[in-house]
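Numbering (our numbering), first residue to last: 562 to 973. To start, the structure under review is shown below, and the notes come after it.
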């Protein structure tokens, strides 16, 4: 939606837009149907409450928190969807479908349910760490700025300042890259600069990836699972449990989003929250005593899908003259992301495109995970795995541009 029309649409319809309410009634049905969606996860919550001791005795605390976060998210989503239709907090489709692929007005504040499920389970688990508290605070800052952007369309400058402030907060508490020995002023500040690029870049990369149903949330579950395995493998149980809670909350969102006609979107708040949180947790978990280059290659491989999509769109947009500065880069939207291109190649099937993306994300994560599980494996294993990741993207790039060339050739 154009920036200058966001406030007008919100205030004209915040009393309950007729179109929004009508669409809500058509897609949600009666209140009874919605109550069934709420009651089912509530029963699971009650069962978890009585069964918590079993999980603790069995050493499955992480599974308890996963199910708890997922259940709370699923219980909140029907209410969030109903409120979104009532207050017209909907993502409207383009009339010509040039920028957006969905056709129906869809709630865009699903991230509220994800963060609600995450925070509720987290409060029960406890953080007990200044660094984790700073990470959660920074993630919430990104979330609230994203929700405000979904409703009021914040300026690019405000959104960037929020991302910068959140990144500096976690850096202040010692969560940052340490690629260079911090023996000099320049080395220390270069580490900080690289950390800012990593956090802000991946935060925006997740926003870019939130383009078709189930994409950003599914990738977050895959990446989060890999990071949690790393955390548990190195006995950083608390960090692992926090990541598992985020994975559970996101998994609870997916049944409402991963379908042909999504019932709700993450919105900028939800995608930004997940991108920031996972990017920072990748810096915070213990990658072991591997050489510095290995410690760098493993998270880069796991997050490579977002990095690739961001680089692909940035290069093509600069080359075509569509993006000329940071402002253009942040606000420009178009159908040139990897999911749009794959949808065209796969015959217009968005579900096929998103499952193809899942396969790539899993392939990128599985070798670093195997490396950490089999700790005696040579470092050359991760180098070979990273080379395989690069080969995957070379093949995808050839496939994307070959398809584009054939389309242009047919159009002549």
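In this text, a Cβ means the ideal position worked out from N, Cα and C, and glycines have one as well.
Cβ-based burial, residue i [other Cβ within 10 Å; buried from 16]
i: residue 726; result: exposed
i: residue 737; result: buried
i: residue 642; result: buried
i: residue 802; result: buried
i: residue 776; result: buried
i: residue 759; result: buried
i: residue 649; result: buried
i: residue 747; result: exposed
i: residue 969; result: exposed
i: residue 619; result: exposed
i: residue 735; result: exposed
i: residue 778; result: buried
i: residue 881; result: exposed
i: residue 941; result: exposed
i: residue 821; result: exposed
i: residue 691; result: exposed
i: residue 944; result: exposed
i: residue 756; result: buried
i: residue 818; result: buried
Per-residue DSSP class, three states only, for residue i
i: residue 513; result: Past the edges of the chain, shown from 562 to 973, lies residue 513, and the structure says nothing about it.
i: residue 974; result: Since the first and last residues shown for the chain are 562 and 973, residue 974 lies out of range.
i: residue 738; result: coil
i: residue 621; result: coil
i: residue 897; result: coil
i: residue 725; result: helix
i: residue 873; result: helix
i: residue 819; result: coil
i: residue 651; result: strand
i: residue 795; result: coil
i: residue 607; result: helix
i: residue 830; result: helix
i: residue 907; result: coil
i: residue 886; result: coil
i: residue 634; result: helix
i: residue 756; result: helix
i: residue 824; result: coil
i: residue 744; result: coil
i: residue 784; result: helix
i: residue 846; result: coil
i: residue 814; result: helix
i: residue 864; result: coil
i: residue 585; result: Confidence at residue 585 is low in this model, with a pLDDT of 49, below 50, so its placement is unreliable and the value that follows should be read with caution. Correct three-state label for residue 585: helix.
i: residue 590; result: Only weak support is given to the placement of residue 590: the predicted model assigns it a pLDDT of 45, under 50, and the question is left unresolved by the model.
i: residue 572; result: Confidence at residue 572 is low in this model, with a pLDDT of 41, below 50, so the placement of that residue is unreliable and no value is reported for it.
Anticipated Cβ contact below 8 Å, residue i with residue j, distance rounded
i: residue 707; j: residue 864; result: Their Cβ separation, rounded to whole angstroms, is 19 Å, which puts residue 707 and residue 864 out of contact at 8 Å.
i: residue 926; j: residue 787; result: 4 Å
i: residue 637; j: residue 674; result: 4 Å
i: residue 768; j: residue 829; result: 6 Å
i: residue 836; j: residue 808; result: About 14 Å; that fails the 8 Å criterion.
i: residue 724; j: residue 696; result: About 14 Å separates the two Cβ atoms, so there is no contact after all.
i: residue 766; j: residue 870; result: 7 Å
i: residue 602; j: residue 632; result: 4 Å
i: residue 893; j: residue 652; result: So it is not a contact: roughly 17 Å between Cβ atoms.
i: residue 929; j: residue 862; result: 6 Å
i: residue 867; j: residue 770; result: 6 Å
i: residue 629; j: residue 682; result: 5 Å
i: residue 728; j: residue 806; result: Residue 728 to residue 806, Cβ: 22 Å. No contact.
Nearest candidate by alpha-carbon position, reference residue i, set the options
i: residue 876; options: 842, 717, 958 and 947; result: 958
i: residue 774; options: 607, 669 and 964; result: 669
i: residue 931; options: 625, 644 and 794; result: 794
i: residue 858; options: 890, 950, 630 and 645; result: 950
i: residue 720; options: 761, 806, 872 and 967; result: 761
i: residue 741; options: 783, 754 and 629; result: 754
i: residue 911; options: 804, 617 and 823; result: 823
i: residue 722; options: 602, 699, 735 and 961; result: 699
i: residue 890; options: 878, 899 and 898; result: 878
i: residue 918; options: 789, 886, 790 and 783; result: 783
i: residue 622; options: 716, 800 and 820; result: 800
i: residue 764; options: 792, 818, 840 and 691; result: 840
i: residue 933; options: 846, 901 and 898; result: 846
i: residue 676; options: 690, 646, 635 and 750; result: 635
i: residue 923; options: 946, 905, 901 and 684; result: 946
i: residue 905; options: 739, 718 and 963; result: 963
i: residue 874; options: 888, 899 and 860; result: 899
i: residue 831; options: 952, 615 and 705; result: 705
i: residue 814; options: 915, 644, 966 and 678; result: 678
#### Entry: Start-end ranges of the alpha helix (DSSP H) lying completely within the region 918-961, minimum 4 residues
none
#### Entry: Unbroken stretches of the alpha helix (DSSP H), 4 residues or longer, contained in the region 667-721
672-686 and 691-713
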